[in-house]
Ligand code: FAD
Ligand code: DHB
């Protein structure tokens, strides 16, 4: 049996940033993670960090490697009609994004925890949450050796992603879920080859969406829209490169640099939000409470914005005995969540090729793309959402 102030379920970006922010406020926390350290440090996911995310990580002292190795980007391309239409993020907003892999952020945060002796328990199982509607909730689980353990807390933070145990621990009648499915999935590829272009390219093509991104001067990250029922076994490396070639081609000619595929996987796309993001002494944050389709690059950034709010609310609740910020936590998060939901839906709808769209809808889509690329007002709207709206 262990006592702590905050029991954090999940060592993704949400759980780790929360634990570190709480530590800086002098609040104890224990992070429980189902996977091994090696697994979470290798899991390839998001790559785009909004400016507010970058600033937060720098302010709390875990941004050093990101500053050295992250790739600052001042613009991106929308590619359609066989040509690039650059959105100059910095000219339009004065801000930029940084391309730096989510697993690198996770590595940096785990190293920062280790450096300060902050507890993260990996490879836990059978995690169950109890007494959430009391002031002393508990977590029972098995540690990596299989021993039964119990964590007594003042608050539990559910940062365990979409498939975690936290959200399902809340009685169904307490939550309203908003769910939207898309007829698309992304096939993501990590390849050992230098990027073919200096910036990200979001491509609308009749064969489907494609995205050119990167991780470093030697590593390229690419995505292809595929049917959600597609199986990764059907996508040989040759087929992936051939499809990317076709979708990324331009009238001027574009040469895609190919190389060994290091990793490939298919991720379905959905939009999902539960309201409220709190039940009693359980607070949900990140993917445990909401999912966005990846086109707007918002998922990880939103998770970090949630826990920035949560750390402030928990500091007020646990240190100053003031429950006001905790009471408004869900409403304050949900304003940003819904903005990101809308932006992600807009980017997804504008850029993907919907197999169910009629000719009228396809014309509307092309008009939206052309307007976004040619109107300063429309491009600014895209840019200010993409680089990240200021924290409240
Ligand atoms: P997570 O990163 O999911 O972390 C949750 C943690 O909880 C995990 O480490 C998990 O192992 C752990 N956990 C789960 N259940 C339990 C349990 N019962 N007990 C203890 N621990 C548990 N976003 C983008 O912007 N761009 C992308 O390209 C992109 N690609 C993605 C690809 C995939 C396959 C997935 C799943 C997501 C992707 N996302 C992407 C979204 C982005 O990665 C997430 O929004 C982000 O990881 C959310 O962080 P989180 O900390 O809330 O959740
Ligand atoms: C990446 C992922 C995204 O979802 C996106 O919109 C842009 C880039 C990436 O993994 O690099």
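In this note's numbering, the protein residues as written are 10 to 401. We put the CB at the ideal spot given by N, CA and C, even for glycine.
With 16 as the cutoff for other CB atoms within 10 Å, does residue 172 come out buried or exposed? Stepping through the chain shown from its first residue, residue 172 is reached at position 163. With fewer than 16 other Cβ atoms within 10 Å, it is exposed.
The ligand FAD heavy atom lying under 6 Å from the CB of residue 18: Along the chain shown, one-based indexing puts residue 18 at 9. The answer is yes for residue 18.
How about residue 56: is its Cβ closer than 6 Å to a heavy atom in the ligand DHB? Taking the first residue of the chain shown as 1, we reach residue 56 at position 47. Residue 56 Cβ: within cutoff of the ligand DHB.
Residue 250 in three-state terms, based on DSSP: Stepping through the chain shown from its first residue, residue 250 is reached at position 241. Helix.
Range of the contiguous beta strand (DSSP E) that encloses residue 223: Locating residue 223 in the chain shown gives position 214, where the first residue counts as 1. For residue 223, the enclosing beta strand (DSSP E) starts and ends at 219–225.
In whole angstroms, what separates the C-alpha of residue 178 from that of residue 73? Here residue 178 refers to the residue found at position 169 of the chain shown. Here residue 73 refers to the residue found at position 64 of the chain shown. Going by the C-alpha atoms only, they are around 37 Å apart.
Span of the beta strand (DSSP E) around residue 292: As a position in the chain shown, residue 292 is number 283, starting the count at 1. Judged by DSSP secondary structure, residue 292 falls within the beta strand (DSSP E) whose first and last residues are 291–293.
Taking its Cβ as the centre, do 16 or more other Cβ atoms sit within 10 Å of residue 182, making it buried, or is it exposed? Stepping through the chain shown from its first residue, residue 182 is reached at position 173. Taking every protein chain shown into account, the CB of residue 182 has fewer than 16 other CB atoms within 10 angstroms, so this residue is exposed.
Apply the 10 Å Cβ neighbour rule to residue 28 and answer buried if 16 or more other Cβ atoms are within range, or exposed otherwise. Working through the chain shown from its first residue, we reach residue 28 at position 19. Under this definition residue 28 is a buried residue.
In or out: residue 211 buried (at least 16 other Cβ within 10 Å) or exposed? Within the chain shown, residue 211 is the residue found at index 202, counting from 1. That one is buried.
Return the residue from the list 107, 99 and 375 that minimises the CA-CA distance to residue 389. The residue you call residue 389 lines up with position 380 of the chain shown. When only C-alpha atoms are compared, the closest one is 99.
Using the Cβ count rule (16 or more neighbours within 10 Å means buried), how would you classify residue 274? Residue numbering aside, residue 274 sits at position 265 when the chain shown is read from its first letter. By the 10 Å Cβ count, residue 274 comes out exposed.
Beta-carbon separation (whole angstroms), residue 111 vs residue 76, contact threshold 8 Å: As a first step, residue 111 must be located in the chain shown, where it is residue number 102. As a first step, residue 76 must be located in the chain shown, where it is residue number 67. Incorrect: roughly 17 Å between the Cβ atoms, too far for contact.
Would the stretch 142–158 and the stretch 261–280 be scored as touching if the rule is three or more Cβ pairs under 8 Å? Touching, no, given that fewer than three Cβ pairs across the two stretches are closer than 8 Å.
My assumption, with CB atoms under 8 Å, is that residue 192 sits in contact with residue 365. Please give the rounded CB distance. Position 183 of the chain shown, counted from the start, is the residue given in the question as residue 192. Position 356 of the chain shown, counted from the start, is the residue given in the question as residue 365. About 6 Å separates the Cβ atoms of residue 192 and residue 365, confirming a contact at the 8 Å cut-off.
When you compare each of 16, 307, 368 and 306 to residue 160 by their alpha carbons, which one comes out closest? The residue you call residue 160 lines up with position 151 of the chain shown. It is 16.
Check: residue 118 C-beta below 6 Å from any heavy atom of the ligand FAD: Within the chain shown, the letter at position 109 stands for residue 118. No, since every heavy atom of the ligand FAD falls outside the 6 Å radius drawn around the Cβ of residue 118.
Let's see if you can read the secondary structure: which residues bound the beta strand (DSSP E) around residue 277? To locate residue 277, count along the chain shown from 1; it is residue 268. Where residue 277 is concerned, the enclosing beta strand (DSSP E) stretches over 270–284.
Just to confirm, are residue 219 and residue 256 a CB contact at a threshold of 7 Å? Taking the first residue of the chain shown as 1, we reach residue 219 at position 210. Taking the first residue of the chain shown as 1, we reach residue 256 at position 247. For residue 219 and residue 256, yes; Cβs fall inside 7 Å.
Please report the distance separating the alpha-carbon of residue 37 from that of residue 227. Residue numbering aside, residue 37 sits at position 28 when the chain shown is read from its first letter. Residue numbering aside, residue 227 sits at position 218 when the chain shown is read from its first letter. Those two C-alpha atoms are separated by around 40 Å.
For the alpha helix (DSSP H) that residue 263 lies in, which residues bound it at each end? Residue mapping note: residue 263 aligns to position 254 of the chain shown, counting from 1. Per DSSP, residue 263 belongs to no alpha helix (DSSP H) and is neither H nor E.
Compare the C-alpha of residue 42 against each of 260, 92 and 175 and name the closest. For the purposes of this step, residue 42 is taken as the residue at position 33 of the chain shown. Considering only alpha carbons, the answer is 175.
Is it true that the CB of residue 239 sits closer than 7 Å to the CB of residue 85? Position 76 of the chain shown, counting from 1, holds the residue named residue 85. Position 230 of the chain shown, counting from 1, holds the residue named residue 239. Here residue 85 is not near residue 239, since their CB atoms are 7 Å or more apart.
Where does residue 58 fall in DSSP's three states? Working through the chain shown from its first residue, we reach residue 58 at position 49. DSSP places residue 58 within a strand segment (E or B) once states are collapsed to three.
Using 8 Å as the cut-off, can you tell me whether the stretch 295–305 makes contact with the stretch 330–350, which would need three or more C-beta pairs spanning the two stretches below that distance? Flag = yes, the stretch 295–305 and the stretch 330–350 touch.
Could you name the residues that DSSP lists as bridge partners for residue 93? Numbered from 1 along the chain shown, position 84 holds the residue referred to as residue 93. For residue 93, the beta-bridge partners assigned by DSSP are 88.
Taking a contact to mean a Cβ-Cβ separation below 7 Å, would you say residue 233 touches residue 221 in this structure? Counting from 1 along the chain shown, the entry for residue 233 is found at position 224. Counting from 1 along the chain shown, the entry for residue 221 is found at position 212. Residue 233 places its beta carbon 7 Å or farther from that of residue 221.
If we ignore side chains and look at the alpha-carbon of each, how far apart do residue 50 and residue 113 end up? Walking along the chain shown from the start, residue 50 turns up at place 41. Walking along the chain shown from the start, residue 113 turns up at place 104. As the crow flies, the alpha-carbon of residue 50 is around 7 Å from that of residue 113.
In angstroms, rounded to a whole number, what distance separates the CA positions of residue 283 and residue 300? Translated into positions along the chain shown, residue 283 becomes position 274. Translated into positions along the chain shown, residue 300 becomes position 291. In a straight line, the C-alpha of residue 283 is about 10 Å away from that of residue 300.
Determine, using beta carbons only, whether residue 319 and residue 325 come nearer to each other than 7 Å. Start at 1 with the first residue of the chain shown, and residue 319 comes out as number 310. Start at 1 with the first residue of the chain shown, and residue 325 comes out as number 316. Residue 325 is positioned such that its CB atom lies no closer than 7 Å to that of residue 319.
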